[in-house]
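Asker: Below: one structure in C-alpha coordinates.
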Amino acid sequence: MKHDLADVVANFQIDGTLIEAMPYGSGHINDTYASRIQTSDGPVRFIHQRINHLIFTEPEKLMENIQRVTVHLGKKITEAGGNPDRETLTLIDAVDGNCFYRDSEGNYWRTYKFIEGAKTYDVVEKEEHVYNAAFAFGEFQKMLSDLPAPRLHETIPQFGDSPWRLRQFQDALAKDVANRAAGCKAEIDFVLARQDIVPVLMDLLEQKKVPERITHYDTKFNNVMIDDETGKGICVIDLDTVMPGIVNYDFGDSCRFGIATATEDETDLSKVGVNLDRFDRLSGGYLASAREFLTDTEIDHLAFSAKLITFTIGLRFITDHLAGDVYFKTHRENHNLDRCRTQFKMVSEMEKMAEQMDAIIAKYR
(Lines of atoms letter the chains of each structure in order from A; the text may use other names.)
(Lines give C-alpha, C1' and ligand atoms only; values in the text may rest on other atoms or scores of the structure.)
Protein backbone atom coordinates (compact mmCIF):
# COMPACT_ATOMS: atom_id res chain seq x y z
CA MET A 602 0.00 0.00 0.00
CA LYS A 603 1.28 3.44 -0.91
CA HIS A 604 1.25 6.02 1.86
CA ASP A 605 1.31 9.81 1.72
CA LEU A 606 4.57 10.50 3.53
CA ALA A 607 4.30 14.24 2.91
CA ASP A 608 1.08 14.22 4.93
CA VAL A 609 2.70 12.11 7.65
CA VAL A 610 5.69 14.44 7.96
CA ALA A 611 3.46 17.51 8.00
CA ASN A 612 1.62 16.14 11.03
CA PHE A 613 4.71 15.91 13.23
CA GLN A 614 6.61 18.73 14.90
CA ILE A 615 9.38 18.83 12.31
CA ASP A 616 10.63 22.24 11.25
CA GLY A 617 11.67 21.82 7.63
CA THR A 618 10.73 20.69 4.14
CA LEU A 619 10.51 17.09 2.99
CA ILE A 620 13.22 16.21 0.46
CA GLU A 621 12.49 12.49 0.11
CA ALA A 622 11.09 9.48 1.95
CA MET A 623 11.98 5.89 1.11
CA PRO A 624 11.16 2.43 2.56
CA TYR A 625 13.74 1.48 5.16
CA GLY A 626 14.93 -1.63 7.01
CA SER A 627 14.01 -5.31 6.94
CA GLY A 628 11.11 -5.47 9.38
CA HIS A 629 8.03 -7.55 8.53
CA ILE A 630 5.40 -6.12 10.90
CA ASN A 631 5.28 -2.34 10.50
CA ASP A 632 5.81 -0.15 7.42
CA THR A 633 9.03 1.81 7.95
CA TYR A 634 10.36 4.80 6.02
CA ALA A 635 13.40 7.05 6.32
CA SER A 636 12.96 10.68 5.34
CA ARG A 637 15.35 13.54 4.65
CA ILE A 638 14.13 16.91 5.80
CA GLN A 639 15.73 20.20 4.76
CA THR A 640 16.08 22.26 7.94
CA SER A 641 17.82 25.52 8.75
CA ASP A 642 20.79 23.44 9.93
CA GLY A 643 20.90 21.35 6.76
CA PRO A 644 19.38 17.94 5.84
CA VAL A 645 18.20 15.86 8.81
CA ARG A 646 16.86 12.30 8.71
CA PHE A 647 13.90 10.81 10.56
CA ILE A 648 12.26 7.39 10.82
CA HIS A 649 8.50 7.12 10.25
CA GLN A 650 6.57 3.94 11.01
CA ARG A 651 3.00 2.90 10.37
CA ILE A 652 2.02 0.64 13.26
CA ASN A 653 0.42 -2.63 12.17
CA HIS A 654 -2.82 -2.32 14.12
CA LEU A 655 -3.94 -5.80 13.02
CA ILE A 656 -1.23 -7.24 15.28
CA PHE A 657 -1.02 -4.43 17.81
CA THR A 658 -4.71 -3.87 18.30
CA GLU A 659 -4.39 -1.03 20.81
CA PRO A 660 -1.84 1.33 19.22
CA GLU A 661 -2.46 4.16 21.68
CA LYS A 662 -1.55 1.94 24.65
CA LEU A 663 1.48 0.66 22.74
CA MET A 664 2.64 4.22 22.14
CA GLU A 665 2.07 5.14 25.78
CA ASN A 666 4.43 2.29 26.70
CA ILE A 667 7.07 3.43 24.24
CA GLN A 668 6.85 7.04 25.35
CA ARG A 669 7.22 6.13 29.03
CA VAL A 670 10.12 3.76 28.33
CA THR A 671 12.07 6.11 26.05
CA VAL A 672 11.63 9.11 28.36
CA HIS A 673 12.86 7.05 31.32
CA LEU A 674 15.83 5.73 29.33
CA GLY A 675 16.66 9.24 28.16
CA LYS A 676 16.83 10.48 31.76
CA LYS A 677 19.03 7.57 32.82
CA ILE A 678 21.40 8.05 29.88
CA THR A 679 21.66 11.79 30.54
CA GLU A 680 22.39 11.21 34.23
CA ALA A 681 25.17 8.82 33.25
CA GLY A 682 26.72 11.41 30.93
CA GLY A 683 25.62 9.67 27.73
CA ASN A 684 23.89 10.94 24.61
CA PRO A 685 20.15 10.15 24.67
CA ASP A 686 19.79 11.14 21.00
CA ARG A 687 21.97 8.14 20.09
CA GLU A 688 21.52 5.71 22.97
CA THR A 689 17.74 5.42 22.96
CA LEU A 690 14.96 6.00 20.49
CA THR A 691 13.60 9.53 20.63
CA LEU A 692 9.99 10.17 19.66
CA ILE A 693 8.95 13.32 17.82
CA ASP A 694 5.57 14.64 18.96
CA ALA A 695 2.73 15.08 16.52
CA VAL A 696 1.39 18.60 15.93
CA ASP A 697 -1.55 17.86 18.23
CA GLY A 698 0.84 17.06 21.10
CA ASN A 699 0.36 13.28 21.00
CA CYS A 700 3.29 10.92 20.45
CA PHE A 701 1.53 9.50 17.38
CA TYR A 702 -0.52 10.68 14.40
CA ARG A 703 -3.67 8.97 13.17
CA ASP A 704 -4.32 9.57 9.48
CA SER A 705 -7.65 9.81 7.66
CA GLU A 706 -7.60 6.07 6.92
CA GLY A 707 -7.20 5.14 10.57
CA ASN A 708 -3.48 4.30 10.38
CA TYR A 709 -1.31 5.12 13.37
CA TRP A 710 2.08 6.69 12.70
CA ARG A 711 5.08 7.50 14.85
CA THR A 712 8.29 9.38 14.12
CA TYR A 713 11.74 8.91 15.65
CA LYS A 714 14.96 10.85 15.31
CA PHE A 715 17.30 8.98 12.97
CA ILE A 716 20.38 7.63 14.75
CA GLU A 717 23.35 8.41 12.55
CA GLY A 718 26.67 6.57 12.56
CA ALA A 719 25.23 3.21 13.60
CA LYS A 720 23.32 0.37 12.02
CA THR A 721 21.78 -3.03 12.61
CA TYR A 722 23.03 -6.34 11.21
CA ASP A 723 20.88 -9.29 10.18
CA VAL A 724 23.88 -11.60 10.54
CA VAL A 725 26.93 -11.40 12.80
CA GLU A 726 29.90 -9.92 10.93
CA LYS A 727 32.24 -9.52 13.91
CA GLU A 728 32.22 -11.78 16.95
CA GLU A 729 32.71 -8.79 19.27
CA HIS A 730 29.25 -7.59 18.19
CA VAL A 731 27.67 -10.58 19.95
CA TYR A 732 29.12 -9.51 23.30
CA ASN A 733 28.29 -5.86 22.69
CA ALA A 734 24.69 -6.50 21.62
CA ALA A 735 24.10 -8.72 24.66
CA PHE A 736 25.61 -6.02 26.89
CA ALA A 737 23.18 -3.51 25.38
CA PHE A 738 20.18 -5.74 26.12
CA GLY A 739 21.33 -6.17 29.72
CA GLU A 740 21.84 -2.43 30.08
CA PHE A 741 18.39 -1.81 28.61
CA GLN A 742 16.81 -4.11 31.21
CA LYS A 743 18.85 -2.61 34.04
CA MET A 744 17.86 0.97 33.21
CA LEU A 745 14.19 -0.01 33.09
CA SER A 746 14.29 -2.03 36.32
CA ASP A 747 13.16 1.03 38.29
CA LEU A 748 10.57 2.45 35.87
CA PRO A 749 7.92 4.01 38.14
CA ALA A 750 4.35 2.73 38.29
CA PRO A 751 1.86 2.24 36.77
CA ARG A 752 2.49 -1.15 35.16
CA LEU A 753 3.09 -1.07 31.40
CA HIS A 754 0.30 -2.25 29.12
CA GLU A 755 0.48 -5.75 27.67
CA THR A 756 0.63 -4.96 23.95
CA ILE A 757 0.10 -8.64 23.05
CA PRO A 758 -1.49 -10.44 26.01
CA GLN A 759 0.12 -13.77 27.04
CA PHE A 760 2.91 -13.25 24.51
CA GLY A 761 5.56 -14.82 26.76
CA ASP A 762 3.29 -17.32 28.50
CA SER A 763 4.77 -20.73 27.61
CA PRO A 764 2.00 -22.76 29.31
CA TRP A 765 -0.55 -20.88 27.22
CA ARG A 766 1.45 -21.74 24.09
CA LEU A 767 1.32 -25.39 25.12
CA ARG A 768 -2.45 -25.20 25.50
CA GLN A 769 -2.68 -23.68 22.01
CA PHE A 770 -0.65 -26.64 20.71
CA GLN A 771 -2.87 -29.14 22.49
CA ASP A 772 -5.97 -27.51 21.01
CA ALA A 773 -4.49 -27.46 17.48
CA LEU A 774 -3.45 -31.10 17.82
CA ALA A 775 -6.90 -32.15 19.01
CA LYS A 776 -8.64 -30.37 16.14
CA ASP A 777 -6.03 -31.18 13.44
CA VAL A 778 -7.97 -28.98 11.01
CA ALA A 779 -5.37 -29.34 8.24
CA ASN A 780 -4.96 -33.11 8.68
CA ARG A 781 -1.25 -32.73 9.31
CA ALA A 782 -0.74 -34.49 12.64
CA ALA A 783 0.07 -37.83 11.02
CA GLY A 784 2.97 -36.23 9.12
CA CYS A 785 4.71 -34.77 12.17
CA LYS A 786 4.42 -37.51 14.77
CA ALA A 787 8.09 -37.21 15.75
CA GLU A 788 7.72 -33.51 16.49
CA ILE A 789 4.50 -34.07 18.44
CA ASP A 790 6.24 -36.75 20.52
CA PHE A 791 9.14 -34.34 21.09
CA VAL A 792 6.71 -31.84 22.62
CA LEU A 793 4.87 -34.40 24.73
CA ALA A 794 8.15 -35.68 26.17
CA ARG A 795 9.11 -32.20 27.38
CA GLN A 796 5.86 -30.80 28.73
CA ASP A 797 7.31 -30.61 32.23
CA ILE A 798 9.76 -27.84 31.33
CA VAL A 799 7.05 -25.53 29.96
CA PRO A 800 5.68 -24.02 33.21
CA VAL A 801 8.99 -23.59 35.05
CA LEU A 802 9.50 -19.83 34.54
CA MET A 803 5.82 -18.93 34.89
CA ASP A 804 5.64 -20.97 38.11
CA LEU A 805 8.61 -19.04 39.50
CA LEU A 806 6.82 -15.79 38.69
CA GLU A 807 3.52 -16.88 40.21
CA GLN A 808 5.32 -18.10 43.34
CA LYS A 809 7.13 -14.73 43.52
CA LYS A 810 10.51 -16.46 43.32
CA VAL A 811 11.40 -14.15 40.42
CA PRO A 812 10.07 -10.62 40.01
CA GLU A 813 7.96 -9.34 37.16
CA ARG A 814 10.16 -6.94 35.20
CA ILE A 815 10.06 -5.02 31.96
CA THR A 816 10.84 -7.36 29.08
CA HIS A 817 11.71 -6.50 25.47
CA TYR A 818 10.34 -9.81 24.09
CA ASP A 819 12.14 -9.58 20.73
CA THR A 820 15.86 -9.65 21.49
CA LYS A 821 17.12 -10.57 18.05
CA PHE A 822 20.66 -9.49 17.24
CA ASN A 823 19.31 -7.05 14.64
CA ASN A 824 17.34 -5.15 17.29
CA VAL A 825 20.52 -3.54 18.61
CA MET A 826 22.17 -0.69 16.73
CA ILE A 827 25.94 -1.16 16.51
CA ASP A 828 28.10 1.96 16.43
CA ASP A 829 30.06 2.25 13.17
CA GLU A 830 33.29 3.37 14.87
CA THR A 831 33.39 1.59 18.22
CA GLY A 832 31.41 -1.57 17.43
CA LYS A 833 29.50 -1.07 20.68
CA GLY A 834 25.79 -1.79 20.97
CA ILE A 835 24.45 1.70 21.52
CA CYS A 836 20.67 1.51 21.17
CA VAL A 837 18.00 -1.15 21.57
CA ILE A 838 15.22 -0.69 19.02
CA ASP A 839 11.85 -2.23 18.07
CA LEU A 840 10.03 -1.50 21.32
CA ASP A 841 6.53 -2.62 20.30
CA THR A 842 6.56 -5.67 22.56
CA VAL A 843 8.18 -4.01 25.58
CA MET A 844 5.86 -4.97 28.42
CA PRO A 845 5.75 -6.76 31.79
CA GLY A 846 7.35 -10.18 31.82
CA ILE A 847 10.27 -12.33 32.93
CA VAL A 848 13.72 -11.08 31.89
CA ASN A 849 14.90 -14.65 31.36
CA TYR A 850 12.68 -14.67 28.27
CA ASP A 851 14.85 -11.96 26.70
CA PHE A 852 18.08 -13.79 27.44
CA GLY A 853 16.64 -17.04 26.10
CA ASP A 854 15.37 -15.39 22.93
CA SER A 855 18.70 -13.70 22.28
CA CYS A 856 20.35 -17.12 22.58
CA ARG A 857 17.86 -18.69 20.19
CA PHE A 858 19.05 -16.28 17.51
CA GLY A 859 22.57 -15.54 18.64
CA ILE A 860 24.01 -19.02 19.11
CA ALA A 861 22.27 -20.86 16.26
CA THR A 862 24.58 -22.34 13.63
CA ALA A 863 21.95 -22.20 10.88
CA THR A 864 19.00 -20.16 9.72
CA GLU A 865 15.63 -20.53 11.38
CA ASP A 866 14.17 -22.56 8.52
CA GLU A 867 17.20 -24.65 7.49
CA THR A 868 16.04 -27.95 6.01
CA ASP A 869 19.38 -29.74 6.43
CA LEU A 870 19.29 -30.48 10.15
CA SER A 871 22.92 -31.59 10.12
CA LYS A 872 23.76 -27.87 9.88
CA VAL A 873 21.61 -26.95 12.88
CA GLY A 874 23.29 -26.72 16.23
CA VAL A 875 24.56 -24.49 19.02
CA ASN A 876 27.70 -22.36 18.91
CA LEU A 877 29.02 -22.66 22.47
CA ASP A 878 31.68 -19.98 21.92
CA ARG A 879 28.95 -17.50 21.01
CA PHE A 880 26.96 -18.55 24.05
CA ASP A 881 30.05 -17.67 26.08
CA ARG A 882 30.32 -14.23 24.47
CA LEU A 883 26.60 -13.56 24.73
CA SER A 884 26.47 -14.63 28.39
CA GLY A 885 29.53 -12.58 29.26
CA GLY A 886 28.15 -9.46 27.61
CA TYR A 887 24.70 -9.81 29.13
CA LEU A 888 25.88 -10.48 32.68
CA ALA A 889 28.49 -7.72 32.53
CA SER A 890 25.63 -5.24 32.48
CA ALA A 891 22.75 -7.17 34.05
CA ARG A 892 24.19 -9.17 36.93
CA GLU A 893 24.01 -6.28 39.42
CA PHE A 894 20.20 -6.15 39.30
CA LEU A 895 19.32 -9.79 38.63
CA THR A 896 18.40 -12.14 41.48
CA ASP A 897 20.23 -15.41 42.08
CA THR A 898 17.16 -17.35 40.90
CA GLU A 899 17.03 -15.41 37.63
CA ILE A 900 20.72 -16.11 37.00
CA ASP A 901 20.29 -19.77 37.99
CA HIS A 902 17.72 -20.15 35.17
CA LEU A 903 19.51 -18.27 32.38
CA ALA A 904 20.90 -21.32 30.57
CA PHE A 905 17.62 -23.14 31.08
CA SER A 906 15.75 -20.19 29.56
CA ALA A 907 17.73 -20.53 26.33
CA LYS A 908 16.34 -24.06 26.00
CA LEU A 909 12.82 -23.16 27.11
CA ILE A 910 12.38 -20.16 24.83
CA THR A 911 13.79 -22.06 21.84
CA PHE A 912 11.39 -24.91 22.66
CA THR A 913 8.49 -22.46 23.03
CA ILE A 914 9.13 -20.88 19.62
CA GLY A 915 9.30 -24.35 18.10
CA LEU A 916 6.01 -25.07 19.82
CA ARG A 917 4.49 -22.01 18.18
CA PHE A 918 5.73 -23.16 14.76
CA ILE A 919 4.29 -26.66 15.04
CA THR A 920 1.03 -25.24 16.40
CA ASP A 921 0.72 -23.00 13.36
CA HIS A 922 1.59 -25.91 11.07
CA LEU A 923 -1.19 -28.02 12.62
CA ALA A 924 -3.62 -25.09 12.40
CA GLY A 925 -2.98 -24.58 8.68
CA ASP A 926 -0.38 -21.77 8.72
CA VAL A 927 -2.65 -19.02 10.01
CA TYR A 928 -0.13 -16.85 11.91
CA PHE A 929 3.40 -17.02 10.50
CA LYS A 930 3.96 -16.19 6.86
CA THR A 931 5.10 -19.23 4.88
CA HIS A 932 6.93 -19.38 1.54
CA ARG A 933 6.86 -23.10 0.81
CA GLU A 934 5.05 -26.27 1.75
CA ASN A 935 5.70 -27.35 5.35
CA HIS A 936 7.62 -24.14 6.03
CA ASN A 937 6.43 -23.93 9.64
CA LEU A 938 7.30 -27.59 10.15
CA ASP A 939 10.82 -26.90 8.90
CA ARG A 940 11.08 -24.00 11.32
CA CYS A 941 9.83 -26.20 14.14
CA ARG A 942 12.42 -28.87 13.36
CA THR A 943 15.33 -26.40 13.53
CA GLN A 944 14.16 -25.19 16.94
CA PHE A 945 13.76 -28.70 18.29
CA LYS A 946 17.19 -29.71 16.95
CA MET A 947 18.67 -26.76 18.85
CA VAL A 948 16.80 -27.82 21.99
CA SER A 949 18.29 -31.31 21.64
CA GLU A 950 21.78 -29.83 21.31
CA MET A 951 21.23 -27.60 24.36
CA GLU A 952 20.16 -30.63 26.37
CA LYS A 953 23.50 -32.27 25.55
CA MET A 954 25.38 -29.09 26.48
CA ALA A 955 23.42 -28.23 29.63
CA GLU A 956 26.34 -28.66 32.03
CA GLN A 957 28.68 -26.63 29.82
CA MET A 958 26.12 -23.84 29.46
CA ASP A 959 25.53 -23.72 33.21
CA ALA A 960 29.30 -23.58 33.76
CA ILE A 961 29.58 -20.59 31.40
CA ILE A 962 26.87 -18.74 33.32
CA ALA A 963 28.65 -19.56 36.60
CA LYS A 964 31.87 -18.10 35.20
CA TYR A 965 30.27 -14.69 34.63
CA ARG A 966 27.83 -14.41 37.52
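For the sequence shown, our numbering gives the first residue as 602, with consecutive numbering after it.
For each residue, glycine too, the CB sits at the ideal point set by N, CA and C.
Note that the structure is a prediction, hence the values are computed from the model and not measured.
Is M826 closer than 8 angstroms to K720 when the C-beta atoms are compared?
Answerer: Yes, Cβ-Cβ distance for K720 and M826 is below 8 angstroms.
Asker: With distances taken Cα to Cα, identify the nearest neighbour of S890 among V725, K743, P644.
Answerer: The option with the nearest alpha carbon to S890 is K743.
Asker: With DSSP collapsed to three states, give me the class of M744.
Answerer: Three-state result, M744: helix.
Asker: Which whole-angstrom value describes the C-beta separation of F852 and L903, a residue pair presumed to lie in contact below a C-beta threshold of 8 angstroms?
Answerer: That pair is a contact at about 5 angstroms.
Asker: Please name the residue, chosen from F715, T898, D921, that lies closest to R966 on a Cα-to-Cα basis.
Answerer: Nearest C-alpha to R966: T898.
Asker: In the DSSP output, what is H649 paired with across the bridge?
Answerer: For H649, which the question treats as bridged, DSSP gives the partners Y634, T712.
Asker: Roughly how many angstroms separate the alpha carbons of Q650 and D854, rounded to a whole number?
Answerer: So the two alpha carbons sit approximately 24 angstroms from each other.
Asker: Starting from the C-beta of Q759, find all residues in its chain whose C-beta is less than 7 angstroms away, skip the five residues before and the five after it, and write them out in chain order.
Answerer: Correct list, in chain order: W765.
Asker: Taking one C-beta from the segment 769 to 784 and one from the segment 706 to 721 each time, how about it: are there three or more such pairs within less than 8 angstroms?
Answerer: Segments in contact, no.
Asker: Taking G846 as part of the beta strand (DSSP E), name the residues at either end of that continuous run.
Answerer: From DSSP, the beta strand (DSSP E) with G846 extends over 844 to 846.
Asker: Taking E788 as part of the alpha helix (DSSP H), name the residues at either end of that continuous run.
Answerer: Per DSSP, E788 belongs to the alpha helix (DSSP H) from 786 to 793.
Asker: Would you list the one or two residues that DSSP bridges to T658?
Answerer: DSSP lists no partner for T658.
Asker: In terms of residue numbering, what span does the beta strand (DSSP E) encompassing P624 cover?
Answerer: 618 to 624 is the span of the beta strand (DSSP E), which, as asked, contains P624.
Asker: Hey, which unbroken runs of the beta strand (DSSP E) at 3 residues or more fall wholly within the segment 815 to 857?
Answerer: The qualifying runs are 825 to 828, 834 to 837, 844 to 846.
Asker: Excluding the 5 residues preceding and the 5 following G683 in the sequence, name in chain order all residues of the same chain whose CB lies nearer than 6 angstroms to its CB.
Answerer: No residues qualify anywhere along the chain.
Asker: For I962, I'd like the list of residues in its chain whose CB is within less than 7 angstroms of its CB, leaving aside the five on either flank, ordered along the chain.
Answerer: Only S884, I900, L903, A904 meet the Cβ criterion.
Asker: Below 8 angstroms, can you find three or more Cβ-Cβ pairs linking the segment 774 to 784 to the segment 813 to 825?
Answerer: No contact exists between the segment 774 to 784 and the segment 813 to 825.
Asker: In the DSSP assignment, the alpha helix (DSSP H) including Q769 goes from what residue to what residue?
Answerer: Start and end: 763 to 776.
Asker: Where does the unbroken alpha helix (DSSP H) through T911 begin, and where does it stop?
Answerer: Unbroken alpha helix (DSSP H) run through T911: 903 to 924.
Asker: Between D797 and S636, what straight-line distance do the alpha-carbon atoms span, to the nearest angstrom?
Answerer: Cα to Cα, the separation comes out at about 50 angstroms.
Asker: Would DSSP call R879 helix, strand or coil?
Answerer: In this structure, R879 counts as helix in the three-state DSSP scheme.
Asker: What is the residue span of the alpha helix (DSSP H) that Y965 lies within?
Answerer: Here the alpha helix (DSSP H) through Y965 covers 955 to 965.
Asker: Apart from the five residues just before and just after M664, which ones in its own chain have a Cβ nearer than 7 angstroms to its Cβ?
Answerer: Same-chain partners within the cutoff: C700, F701, R711.
Asker: Which same chain residues, not among the five before or five after R917, have their C-beta less than 7 angstroms away from its C-beta?
Answerer: Result list for R917: R766, in chain order.
Asker: If you pair each beta-carbon of the segment 655 to 673 with each one of the segment 743 to 758, do three or more pairs fall below 8 angstroms?
Answerer: Output reads yes: the segment 743 to 758 touches the segment 655 to 673.
Asker: Taking just the CA atoms, how far does P644 sit from F791?
Answerer: Distance between the alpha carbons of F791 and P644 is about 55 angstroms.
Asker: Are there three or more Cβ pairs, one per stretch, closer than 8 angstroms when the segment 919 to 928 is compared with the segment 857 to 877?
Answerer: They do not touch, by the three-pair rule.
Asker: The alpha helix (DSSP H) spanning R687 covers which residue range?
Answerer: Per DSSP, R687 belongs to the alpha helix (DSSP H) from 685 to 688.
Asker: Expressed to the nearest angstrom, what Euclidean distance is found between the alpha-carbon atoms of L805 and V811?
Answerer: The alpha-carbon atoms of L805 and V811 are separated by roughly 6 angstroms.
Asker: Leaving out five residues on either side along the sequence, give the residues of the same chain with a beta carbon under 7 angstroms from the beta carbon of L877.
Answerer: These residues qualify, in order along the chain: M954, Q957.
Asker: What residue does the alpha helix (DSSP H) around L969 start on, and which one ends it?
Answerer: Lying outside 602 to 966, the shown extent of the chain, residue 969 is not represented and no answer is given.
Asker: What's the gap between the Cα of R1002 and the Cα of H673?
Answerer: Absent from the model: residue 1002. The displayed extent of the chain is 602 to 966, so no value can be given.
Asker: Which value, in whole angstroms, describes the spacing of the CA atoms of D616 and T640?
Answerer: Distance between the alpha carbons of D616 and T640: 6 angstroms.
Asker: With burial defined as no fewer than 16 other Cβ atoms inside 10 Å of the residue's Cβ, what is the status of I835: buried or exposed?
Answerer: The residue is buried, with at least 16 neighbouring Cβ atoms inside 10 Å.
Asker: May I ask you to report which of helix, strand or coil DSSP gives A734?
Answerer: Looking at A734 - three-state DSSP - the assignment turns out to be helix.
Asker: Using DSSP with H/G/I as helix, E/B as strand and the rest coil, what is A891?
Answerer: Correct three-state label for A891: helix.
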